[in-house]
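Colleague: Residue numbers for the sequence shown follow UniProt numbering, beginning at 1 and rising by one.
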Amino acid sequence: METRADVLIVGAGMVGSALALALQGSGLDVLVVDGGPLSVKPFDPQSTFEPRVSALSAASQRILQR
């Protein structure tokens, strides 16, 4: 199987997803690949502490709100 794209984004984390969103409507064929699971883990307030924290600047927030 052969797949062609103008842009290949490796990783669907915060940065890869933001880049794909920014390229939306550009006319480019964008392909995002990620090795992680396809399932989404729902938030559980009773789960163990997750030390990962994300902070968004006002500029980043504007990009994501488009």
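Here a beta-carbon is modelled for each residue, glycine too, at the ideal position from N, C-alpha and C.
P4: which of Q61, E50 and V30 sits nearest, CA to CA?
Modeller: One detail in the question is off: residue 4 reads as Arg in this sequence, not Pro. Among Q61, E50 and V30, the Cα nearest to that of R4 is on V30.
Colleague: Apart from the five residues on each side of it in sequence, which residues of its chain come closer than 7 Å, Cβ to Cβ, to G11?
Modeller: Within the same chain, G11 has close Cβ partners D34.
Colleague: At what residues does the alpha helix (DSSP H) containing V30 begin and finish?
Modeller: Note, V30: premise wrong, no alpha helix (DSSP H); beta strand (DSSP E) at V30 to V33.
Colleague: Any idea which residues DSSP pairs I9 with across the strands?
Modeller: DSSP lists V32 as partners of I9.
Colleague: Going by alpha carbons, who is nearest to V53 out of I9, L8 and M14?
Modeller: Selected option, being the one with the closest Cα: M14.
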